[in-house]
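Here is the structure we will look at, set down as structure tokens.
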Amino acid sequence: MDALGWDSCDIIIVTGDAYVDHPSFGMAVIGRVLEAQGFRVGIIAQPDWQSAEPFKALGQPNLFFGVASGNMDSMINRYTADRRLRHDDAYTPGNEGGKRPDRAVIVYSQRCREAYKDTPIVIGSIEASLRRIAHYDYWSDKVRRSVLLDSRADLLLYGNAERAIIDVAHRLGRGDTIHSIRDLRGTAFVTRDVPDGWTVIDSSSVDQVGKVDKITSPYVDTSATESCKKNEENPDTESATDVVQTVRIVDPLQARKSGTDAAKTVIRLPDYDVVKNDPVNYAHAARVLHLETNPGNARALVQRHGDQEVWLNPPPIPLTTEELDWVFELPYQRKPHPIYGNAKIPAYEMIRFSVNIMRGCFGGCSFCSITEHEGRIIQSRSHESIVKEVEKIRDKTPEFTGVISDLGGPTANMWRLNCKSTEIESRCRRLSCVYPSICKSLNTDQTPLIDLYRDVRELTGVKKVLIASGLRYDLAIETPEYVKELVTHHVGGYLKIAPEHSEEGPLSKMMKPDMSSYDKFKAMFDKYSKQAGKEQYLIPYFIAAHPGTTDKDMMNLAMWLKGNSFRADQVQAFYPSPMANATAMYYSGKNPLKKVSRTSEDVVSAKGLKQRRLHKALLRYHDPEGWPSIREALLAMGRKDLIGYGKKHLVPPRQPVNWTPKHGKGRRVLTQHTGLPPRRTK
Numbered sequence: 203m204d205a206l207g208w209d210s211c212d213i214i215i216v217t218g219d220a221y222v223d224h225p226s227f228g229m230a231v232i233g234r235v236l237e238a239q240g241f242r243v244g245i246i247a248q249p250d251w252q253s254a255e256p257f258k259a260l261g262q263p264n265l266f267f268g269v270a271s272g273n274m275d276s277m278i279n280r281y282t283a284d285r286r287l288r289h290d291d292a293y294t295p296g297n298e299g300g301k302r303p304d305r306a307v308i309v310y311s312q313r314c315r316e317a318y319k320d321t322p323i324v325i326g327s328i329e330a331s332l333r334r335i336a337h338y339d340y341w342s343d344k345v346r347r348s349v350l351l352d353s354r355a356d357l358l359l360y361g362n363a364e365r366a367i368i369d370v371a372h373r374l375g376r377g378d379t380i381h382s383i384r385d386l387r388g389t390a391f392v393t394r395d396v397p398d399g400w401t402v403i404d405s406s407s408v409d410q411v412g413k414v415d416k417i418t419s420p421y422v423d424t425s426a427t428e429s430c431k432k433n434e435e436n437p438d439t440e441s442a443t444d445v446v447q448t449v450r451i452v453d454p455l456q457a458r459k460s461g462t463d464a465a466k467t468v469i470r471l472p473d474y475d476v477v478k479n480d481p482v483n484y485a486h487a488a489r490v491l492h493l494e495t496n497p498g499n500a501r502a503l504v505q506r507h508g509d510q511e512v513w514l515n516p517p518p519i520p521l522t523t524e525e526l527d528w529v530f531e532l533p534y535q536r537k538p539h540p541i542y543g544n545a546k547i548p549a550y551e552m553i554r555f556s557v558n559i560m561r562g563c564f565g566g567c568s569f570c571s572i573t574e575h576e577g578r579i580i581q582s583r584s585h586e587s588i589v590k591e592v593e594k595i596r597d598k599t600p601e602f603t604g605v606i607s608d609l610g611g612p613t614a615n616m617w618r619l620n621c622k623s624t625e626i627e628s629r630c631r632r633l634s635c636v637y638p639s640i641c642k643s644l645n646t647d648q649t650p651l652i653d654l655y656r657d658v659r660e661l662t663g664v665k666k667v668l669i670a671s672g673l674r675y676d677l678a679i680e681t682p683e684y685v686k687e688l689v690t691h692h693v694g695g696y697l698k699i700a701p702e703h704s705e706e707g708p709l710s711k712m713m714k715p716d717m718s719s720y721d722k723f724k725a726m727f728d729k730y731s732k733q734a735g736k737e738q739y740l741i742p743y744f745i746a747a748h749p750g751t752t753d754k755d756m757m758n759l760a761m762w763l764k765g766n767s768f769r770a771d772q773v774q775a776f777y778p779s780p781m782a783n784a785t786a787m788y789y790s791g792k793n794p795l796k797k798v799s800r801t802s803e804d805v806v807s808a809k810g811l812k813q814r815r816l817h818k819a820l821l822r823y824h825d826p827e828g829w830p831s832i833r834e835a836l837l838a839m840g841r842k843d844l845i846g847y848g849k850k851h852l853v854p855p856r857q858p859v860n861w862t863p864k865h866g867k868g869r870r871v872l873t874q875h876t877g878l879p880p881r882r883t884k
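For the sequence shown, my numbering gives the first residue as 203, with consecutive numbering after it.
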């Protein structure tokens, strides 16, 4: 500030991550975006939260505090899926854990309020996004109220927040009050009453008894244009005792025809006091929220918390290619702040030679938070902007050796894939464009991505371009030329993909394709690897204990793994992150992917530690540590035939000679094929 001649900051961003000035870090993006608008921006990274003093380090901001937990949710960052404390943090120098508080958005906001009580507080980041309404909290095993109330923030920004944060800054700069900003997309706030002039649709009572308007199902193939529209024929005819919290989804065009202004319509979700005590109502609220996520037709939502209302405006309009290019071409230094010296920040080390080419995901996987945060409409950078960034890495990064570690984003191969019709896209209510099958209105041509790979690969000074982002293989097989290009030039021996499971039960709850897509992709992968004269392997990842997964499902997956010569030692157990559809299944025992009622489909979940460990042990069927529990489970399922020493057996009848338990201290080994030499570990 002294060097720049500043006597104060207009905006101060408080973040739980170390400050890395790179477009993969949220605080850097927001800071550079606001700086480009002429604002003086300060950043307080990983402050000591035990008192308000560290939050006064840059003085009082003229406009507002912007508070974020960082790139990760602070609770997921700090605890394992079994609620065990982590001792590392990839976003901290030296990989040191404990440098941010639990529920960082709440704690930081409270300290900012203590430091300067009259300064507006705007909260954001994925932690705030996923807690914008009442949500199930896995760590306390209860439904918590909106983070707006516990943080005492004035405004919450969710999703891609560049437009909203710019608007907020300029309005406050011209003298508007924070409480007058109520019309921005992608924002949430607390109010006392629903404003005059709004039509309220109560999701618990809008439908007439005995007859429910049928909603276009997100789980059927909307192959034709008409099938993406609301189906008014053959309404359901369940009785009033069967139907609980059913909402009539009215698309904007119909709303206008009926005289209802969709822009002035708000859907009332069940109150916090209701959802915290009734899991079925919770599942219903989750379903309604997810059906209202398309920026083209989403309405505002409101949820009462005691004597206050939490109001959610519709999601932000996706950034255009030109806007996204502008964001990524701001003058990032692409490295950590010098204050950290030579300390390594693992998250930065992983992405410093990677390039983010897009945002969003239309996959809709029920366990994933990308769609809730970034949206399901793909936002793509231009070919030219991406090439320009690679050249910048080459020319301005002394450590660059010629290897681009990744060209990707939330997925590797959704760049430029959007709906063929803007009209269909604006009306669609599918939660996934690719489940249970790929929508015929979706453009799946990945040849532009081939051209991008080739142009980056041919740049002077670039020796290798790897693709490390998660690959959507059911999309990849739609363009065999893309698979050939990928396998021939962009796989460094191993390619990570995520089937997640082999069985239909869990896959249907995950909204993931069946294994036939995997089999087709593997055949292509092996074929093109052989043609290229390369020995390359697929590395599949799986989730243990996902809602809808039975012990039998896990047993079948273990047999699939063994039959395909995989040893999946690095296993991820299902993590119930706030607001995900799978979390609603986990908590409520109901399936919000379908209409929710007292008698609707029940979903089982492995909740006890014993069963969750069994599911993880079945994925590591070859590890003697899990054999006792696997044998016990097999006997209980009447599958004694799987215990033995043959190839068709899953586990042997006895432990190895001189075997001793590890007492929970498991190995961290990458998934690999049986017979491969073990990887070197430090």
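The beta-carbon is built from N, C-alpha and C at its ideal position, and this holds for glycine as well.
Item                                                                                                                                                                   : Value
Can you tell me whether DSSP reads Glu-440 as helix, strand or coil?                                                                                                   : The pLDDT assigned to Glu-440 is 37, lower than 50, so where the model puts this residue is not dependable, and the model offers no usable value.
Considering only their Cβ atoms, is the gap separating Arg-536 from Arg-561 smaller than 9 Å?                                                                          : no
Below 8 Å CB to CB, which residues in the same chain sit around Lys-466 once its five sequence neighbours on both sides are set aside?                                 : Gly-399, Trp-400, Thr-401
Going by the DSSP bridge assignment, what does Val-222 pair with across the sheet?                                                                                     : Pro-538
Just how far apart, CA to CA, sit Pro-481 and Ser-790?                                                                                                                 : 4 Å
Quick check: Asp-356 and Arg-346, are their CB atoms within less than 9 Å of each other?                                                                               : no
Just checking, does the segment 475-492 make contact with the segment 376-384 on the three C-beta pairs under 8 Å criterion?                                           : no
So does the segment 830-846 actually touch the segment 795-811, counting three or more Cβ pairs closer than 8 Å?                                                       : no
Relative to the C-alpha of Arg-373, which candidate in Asp-212, Ala-782, Phe-776, Ile-325 has its C-alpha closest?                                                     : Asp-212
Given that a residue counts as buried once 16 or more other Cβ atoms are within 10 Å of its Cβ, and exposed if not, what is Thr-785?                                   : buried
Quick one: residues in its chain with C-beta nearer than 6 Å to the C-beta of Gln-648, no 5 flanking neighbours on either side, listed in chain order?                 : Asn-615, Thr-681, Tyr-684
Check whether the segment 274-288 and the segment 223-237 are in contact - that is, three or more C-beta pairs closer than 8 Å.                                        : no
Is it the case that the segment 625-644 contacts the segment 593-600, given that we only count it when at least three CB pairs across the two stretches are under 8 Å? : no
How would you call Gly-228, buried or exposed, if buried means at least 16 neighbouring beta carbons within 10 angstroms?                                              : buried
Shortest alpha-carbon distance to Leu-521 belongs to which of His-507, Arg-365, Asp-204, Pro-830?                                                                      : Arg-365
Using three-state DSSP, classify Gly-412 as helix, strand or coil.                                                                                                     : Interpretation of Gly-412 is limited by its pLDDT of 26, a score under 50 that renders its predicted location unreliable; no figure is taken from the coordinates.
Exposed or buried, what is Leu-820 when buried is set at 16 or more other beta-carbons lying within 10 Å of its beta-carbon?                                           : buried
Consult DSSP for Gly-508 and reduce its assignment to one of helix, strand or coil.                                                                                    : coil
Considering Ala-247, what are the terminal residues of the alpha helix (DSSP H) in which it resides?                                                                   : Where Ala-247 is concerned, there is no enclosing alpha helix (DSSP H), although the beta strand (DSSP E) it sits in stretches over 243-247.
In whole angstroms, what is the alpha-carbon distance linking Ser-634 and Met-713?                                                                                     : 8 Å
Of the residues Phe-241, Gly-207, Lys-301, which one's Cα is nearest the Cα of Tyr-221?                                                                                : Lys-301
Mind the definition here: the segment 738-748 touches the segment 688-695 only if three or more C-beta pairs lie below 8 Å; say whether that holds.                    : yes
Could you please give me the residues that DSSP links to Asn-558 through a beta bridge?                                                                                : Gly-610
Leaving out five residues before and five after Arg-656 in sequence, what residues of the same chain have Cβ atoms less than 8 Å from its Cβ?                          : Glu-687
Taking the CB atoms as reference points, tell me whether Asp-219 and Gly-268 lie closer together than 9 Å.                                                             : no
Go through the segment 751-838 residue by residue and report every complete run of the alpha helix (DSSP H) that reaches 4 residues or more, in order.                 : 753-765, 783-790, 811-821, 829-838
Measuring straight from C-alpha to C-alpha, what distance separates Asn-544 and Asp-395?                                                                               : 53 Å
For a test of the three-state rule: what should DSSP assign to His-748, helix, strand or coil?                                                                         : coil
To the nearest angstrom, how far is it from the Cα of Asn-645 to the Cα of Gly-672?                                                                                    : 19 Å
For the candidate residues Ile-335, Gly-508, Leu-654, whose alpha-carbon lies nearest to that of Met-781?                                                              : Ile-335
For Asp-753, count the other beta carbons within 10 Å of its own beta carbon; 16 or more makes it buried, fewer makes it exposed. Which is it?                         : buried
In chain order, what residues of the same chain have a beta carbon less than 7 Å from the beta carbon of Ala-238, not counting five sequence neighbours either side?   : Leu-532
Between the C-alpha atoms of Met-757 and Leu-514, what's the straight-line distance to the nearest angstrom?                                                           : 43 Å
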